[in-house]
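*Asks:* A single structure is presented below for examination.
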Amino acid sequence: AIANSRMGDWAEDALLGEWRISLNDESGVDGGGLRREVVSLFFEQLEESCNVLRVGSDERLAAPPTLFIANRQDADKSPQQWRQLWTVVGAMILRAVSHFGNAPVALSSAVFDC
-17 AIANSRMGDW AEDALLGEWR ISLNDESGVD GGGLRREVVS LFFEQLEESC
33 NVLRVGSDER LAAPPTLFIA NRQDADKSPQ QWRQLWTVVG AMILRAVSHF
83 GNAPVALSSA VFDC
């Protein structure tokens, strides 16, 4: 998936430009809807993964959890895999902020300090 890709190594124009996207055998040029869908799916999968810790979720108030960086060993990642994963997360945060003005999840400030 995206989190295991080399996306963090992409040039700025490739990262922030238009993408050719295919979802379940439906293809299209990035016109906004597909872009938003891919970014949302990425962060949903990140939130459900063992790579983050969810803190403070309150379903009664519809308050989203804050995501903290999980322990690398608990996530069963090598240092290189861990660095690559968080480089991709950073790239997707950059894409989300530049295209939509925010990231679709609440991330701990520790994520931005890395």
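Here the sequence shown is numbered in my numbering, starting from -17 and rising by one per residue. Even glycine gets a Cβ: it sits at the ideal position worked out from N, Cα and C.
Between the alpha carbons of A52 and E0, how many angstroms are there, rounded?
*Replies:* 32 Å
*Asks:* Go through its chain and collect everything with a Cβ distance to N(-14)'s Cβ below 6 Å, but skip five positions before and after it.
*Replies:* none
*Asks:* Can you say whether A73 is buried or exposed, counting buried as having 16 or more other CB atoms within 10 angstroms of its CB?
*Replies:* With a threshold of 16 other beta carbon atoms within 10 Å, A73 meets it and is buried.
*Asks:* Mind checking V37: buried by the 16 CB within 10 Å criterion, or exposed?
*Replies:* exposed
*Asks:* Just to confirm, is the Cβ distance from V21 to R77 under 9 Å?
*Replies:* Cβ distance < 9 Å, so V21 and R77 count as in contact.
*Asks:* Would you list, in sequence order, the uninterrupted alpha helix (DSSP H) runs of no fewer than 4 residues that lie entirely inside the segment 35 to 85?
*Replies:* Entirely contained in the segment 35 to 85, the alpha helix (DSSP H) runs reaching 4 residues are, in chain order, 61 to 82.
*Asks:* Identify the residues that DSSP records as bridge partners of A88: which are they?
*Replies:* T48
*Asks:* Which of helix, strand or coil does DSSP assign to R2?
*Replies:* strand
*Asks:* Quick check on the burial criterion: 16 or more other C-beta atoms within 10 angstroms. Buried or exposed for Q66?
*Replies:* The residue is buried, with at least 16 neighbouring Cβ atoms inside 10 Å.
*Asks:* Between which two residues does the alpha helix (DSSP H) containing R17 stretch?
*Replies:* 15 to 30
*Asks:* So, are the CB atoms of V87 and L28 less than 9 Å apart?
*Replies:* In this structure, L28 lies closer than 9 Å to V87 by Cβ.
*Asks:* Have a look at E26 and Q62 and give me their C-alpha separation to the nearest angstrom.
*Replies:* 23 Å
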